[in-house]
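Have a look at this one:
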């Protein structure tokens, strides 16, 4: 009996991340330290493995289920770093918080290396499931956020799983390496349906339209550190999953050294369907996200809606595989999408980290459960009725939020309860009150708008537009139009931070975390090679 | 020598950072001036050691080469290299940018505008500053600056008497004696942050003129936006600045992203982002040429601006502070025309030929529309701003003819406009600071109230309308000549341009009549004449206008050696 050989060095980052999660569960009061040290070690291990030769393991024939190549290890290191950043922004929390966070990060590390549909979906679930608990802070708002996230996520997972099943039926394999060949002569309708379901379901994590509605709702109600994680690491997970499927699963480059089999020309049919699906997702996200963000007066929903638009920009380059010109440079397109996702995720992390640092937080998430009033307990317990009708919850919530906002506008008090992020107007004069977080917020917002001197965002835009200009000029024009609309809400946000007098004394917290992500953004601005070196996927 | 290219760009940037970092100190302004002066010196030294002219002949056309190049890899996967280069086309524009940057910084440092304003200003500034502070849209970037007018107010009240209008009616000259020493009087000078922003605009614009890499060109083009937006938004006319700044930003970004798309199509087609290499190779391939040119032309036409994409310009110019208007007219508009001539024309010569008629018709229409609108405008600054649309129309028309004479006329007219219109904006800014109004109806008799100022205004207006012997003449005369030379329907465009030049004469003379002549209007009574500081700032522009008008030859020779 032959035993499958396992390359443990390739799995080292994953071992460390998973071990960290287990350690955090049992470390008691040292859970935070254990988590930060363990995940840092995991990130360092990922960089170390990435520096070495490309590794792969869990082989079936030529196809591997787990790869430790440059993109995978770079993304794994980024997952670990983002989780450590979120930990640094979290303050004191109960032990399970650290366990859930590091379990989610372990899911991210696993996702980075996944090269078959099953481990991909399992990794995405591992990344997501701990967040169900994390977003649900005590009280009605937390319950709403948790339920909305749970329902949307379960729906998306089911959709993606169905898509994966259809692709397996069509292609006869779940390995991304074999999928392109398998789909070559498969039933076209089955392939198209499978791809649409799979990509649509995975795009949920990225908060791309049409499965975007959870993002503003959940991010607004989640505790700010968790929102930071959702907006950065969790979205990176979605982007990675989509890029892996499109690049490793559908591109001819996935054959590696071996020649494409006979009759491969049919494989372009799968690419074409994927491209059309992605183009629709991308254009819809850009339109919906930008229009949604224009109407926002609260900081976190504004960033969340604009994040929907950015998901659209990230997906746009992948859509070029629908055209013949785009298929010839599918590798460049996937690299651009990945690079955009990484740049964008860093900027989102910066913006949310700055916001976390200056907004009064909710304190401990789990420890305060005992102090729930019977009423709120009843409400969170009674949330099963919202299972039946999410839209009812959303509608009721919108009404109540308006009431709260009206009340706060009249009384001059910041809205309590709904959203720690607060209104945009509450950031007035932040530049004078707390220069360091304000500088980070400004840099991130300007970067999200894609303007120098925040070159991170400019590089992201250049990467995407370069690919689009060569094969789908119309999509480039859509992206450009979206970016112009984006300016209409980013610039007022920047102006609010910069000008005026602060209403209340704001004290910046978490200076180390803020400085760390700020330095990371500066470093990437000056040396984009740091990111581009690992996001370049073989053509 | 190539290190000078880096110095020319880096020094203003460093100066901007230092001036901002030490914005609470008295010497911050002079850091800005020193940085701008160093940058100007570096640019002025660039012609040393350039290769002999006409050293390259490509495709039967005489083209020069770069004088100096500087190259460093930055992000190869994005085709981005930090490569700078200079030649006979970009060097005069660099010199102009560095000069205007220095003049604007000196204008701030000397407090030229504030010192010449009537004493009422510091009193008027008190309620204004406090109201703005309470309203949450504070003008003042620092606490120190916000409180400064409050501290100064009692002093001026003592010396100036309680009735500001009475002072003006009595004709107390508001000379340099008003504010004893600008270094000790913070209210006399705008904030050093403004100087820092000006330097940032200058550095980014120079990077645009210098960049030999298309991606770097795009990044530099975008980098101009935010500082300029901040200048308009923060230091502009309180009534209009928010709207104007937003409009400026949205138009510019829309244009520059379309331009970026065009650039990336060109990069994808040629496989390189090296501007010089693509130009010498004859541009992009035939099938995409028109697409590339159309995308680039729309992008640059917003910036230039070409009618009908000009509507951001009058608002932005009118709302911006004087130094902002000067940089807008003298530098930012040049980015558009430089891009059109060098980048759009160089990357897609075939597309340029195909699109020339459309461009020419729009340019001619722009000249006529600007002339007609200017005839009816009631506000001085808006009038100067709108006249830019007409002048840029001449530049675009000259470029559209595609002939050698046309190209030189375009480049010359571009540069002449960059000297004359900033001078006009300086003069109008000084006039508005003195009279506190820009409405033609409220002005008059400047000839009697401030003869030197009226004389300079007349000089600048005559230069702007294209009087032979001054800089404005050559560009516009040769534009008409180049269009007429093409014959056929181009004759009609030449006639339209000539009529536009006639309209320019009409509206500028109308402006002079309303402002300088007639009885002294109440607003103009008792205003001070040109101060020494102002004279020092304006002198280089006057000299340049005269020099280009009298000796156009050397500049035209420089253009001939350019890489186009």
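Protein chains in written order, with my numbering: chain A, 88 to 626; chain B, 1108 to 1671. Just so it is clear, CB atoms sit at the ideal spot from N, CA and C, and this is done for glycine as well.
Beta bridge counterpart(s) of residue i as assigned by DSSP
i: residue 1188 of chain B; result: B:1180
i: residue 1175 of chain B; result: B:1193
i: residue 385 of chain A; result: A:510
i: residue 65 of chain A; result: The requested residue 65 of chain A is not part of the displayed model; chain A covers only 88 to 626.
i: residue 1318 of chain B; result: B:1191
i: residue 1381 of chain B; result: B:1320
i: residue 151 of chain A; result: A:146
i: residue 1592 of chain B; result: Looking at the DSSP assignment, residue 1592 of chain B forms no beta bridge with any residue, so it has no partner.
i: residue 553 of chain A; result: In the DSSP output, where bridge partners are listed per residue, residue 553 of chain A has none listed.
i: residue 1486 of chain B; result: B:1546
Amino acids of chain A, ordered along the chain, whose beta-carbon sits closer than 9 Å to that of residue i
i: residue 1340 of chain B; result: 578, 582, 586
i: residue 1353 of chain B; result: 574, 575, 578, 579
i: residue 1310 of chain B; result: By Cβ distance, chain A contributes nothing, its closest Cβ being about 11 Å from residue 1310 of chain B, past 9 Å.
Chain B contact residues for residue i, given Cβ-Cβ distances below 8 Å
i: residue 383 of chain A; result: Those within 8 Å of residue 383 of chain A in chain B number zero; the least Cβ separation is about 17 Å.
i: residue 552 of chain A; result: 1364, 1367, 1368, 1371
i: residue 567 of chain A; result: 1361, 1364, 1365, 1367, 1368
Residue-chain proximity (residue i, chain A), Cβ-Cβ < 8 Å
i: residue 1468 of chain B; result: no
i: residue 1371 of chain B; result: yes
i: residue 1575 of chain B; result: no
i: residue 1438 of chain B; result: no
i: residue 1297 of chain B; result: no
i: residue 1626 of chain B; result: no
i: residue 1382 of chain B; result: no
i: residue 1185 of chain B; result: yes
i: residue 1413 of chain B; result: no
i: residue 1251 of chain B; result: In this predicted model, residue 1251 of chain B has a pLDDT of only 40, less than 50, meaning its place in the structure is not dependable; the value taken from the coordinates is given anyway. For residue 1251 of chain B, the answer is no, since every Cβ of chain A falls outside 8 Å of its Cβ.
i: residue 1114 of chain B; result: no
i: residue 1179 of chain B; result: no
Contacts of residue i in chain B (Cβ-Cβ under 7 Å)
i: residue 545 of chain A; result: 1326, 1329
i: residue 556 of chain A; result: 1368, 1371, 1372, 1375
i: residue 667 of chain A; result: It is not possible to answer for residue 667 of chain A, since the shown part of chain A is limited to 88 through 626.
Chain D within 8 Å of residue i, Cβ atoms only
i: residue 297 of chain A; result: Among the chains of the structure shown, chain D does not appear; the protein chains present are A and B.
Neighbour list for residue i in chain A, Cβ cutoff strictly below 8 Å
i: residue 1199 of chain B; result: Per Cβ cutoff of 8 Å: no residues; residue 1199 of chain B is ~25 Å from chain A at best.
i: residue 1357 of chain B; result: 571, 574, 575
i: residue 1398 of chain B; result: 560
i: residue 1128 of chain B; result: Chain A residues near residue 1128 of chain B: none, gap ~12 Å exceeds 8 Å.
Residue i: contacting residues in chain A (beta-carbon distance under 7 Å)
i: residue 1322 of chain B; result: 549
i: residue 1125 of chain B; result: Near residue 1125 of chain B there are no residues of chain A at all, since even the closest Cβ is about 16 Å away, more than 7 Å.
i: residue 1142 of chain B; result: Chain A residues near residue 1142 of chain B: none, gap ~17 Å exceeds 7 Å.
Test: residue i CB closer than 8 Å to a CB of chain B
i: residue 619 of chain A; result: yes
i: residue 180 of chain A; result: no
i: residue 434 of chain A; result: no
i: residue 206 of chain A; result: no
i: residue 615 of chain A; result: yes
i: residue 489 of chain A; result: With a pLDDT of 48 at residue 489 of chain A, under the threshold of 50, the predicted position of this residue should be treated as unreliable, though the coordinate-derived value follows. Not an interface residue.
i: residue 623 of chain A; result: yes
Chain B residues whose Cβ lies nearer than 9 Å to that of residue i
i: residue 564 of chain A; result: 1364, 1365, 1368, 1402
i: residue 533 of chain A; result: 1333
i: residue 189 of chain A; result: Correct list: empty, because the minimum Cβ distance to chain B is about 33 Å.
_Contiguous alpha helix (DSSP H) assignments of at least 4 residues, all confined to the stretch 1499-1555 of chain B_ = 1511-1542
*Evaluate the contact criterion for the stretch 115-129 of chain A versus the stretch 138-147 of chain A: three or more CB pairs, one atom per stretch, below 8 Å.*
no
*Within the stretch 1422-1464 of chain B, note down every full alpha helix (DSSP H) run reaching 4 residues or more, in order along the chain.*
1429-1434, 1440-1445
*Go through the stretch 1640-1670 of chain B residue by residue and report every complete run of the alpha helix (DSSP H) that reaches 4 residues or more, in order.*
1660-1667
_For the pair the stretch 1453-1469 of chain B and the stretch 1379-1398 of chain B, tell me if three or more CB-CB distances fall below 8 Å._
yes
*Any contact of the stretch 304-320 of chain A with the stretch 386-404 of chain A, i.e. 3+ C-beta pairs under 8 Å?*
yes
*Is the stretch 1531-1540 of chain B in contact with the stretch 1593-1604 of chain B, if contact means three or more CB pairs nearer than 8 Å?*
No, the stretch 1531-1540 of chain B does not touch the stretch 1593-1604 of chain B.
_Report the start-end ranges of each alpha helix (DSSP H) in the stretch 107-131 of chain A that is 4 residues or longer and not cut off at the edges._
none
*Can we say the stretch 1339-1346 of chain B touches the stretch 536-543 of chain A, given the rule of at least three CB pairs closer than 8 Å?*
no
*Hey, which unbroken runs of the alpha helix (DSSP H) at 4 residues or more fall wholly within the stretch 259-320 of chain A?*
263-269, 275-290, 301-308, 311-316
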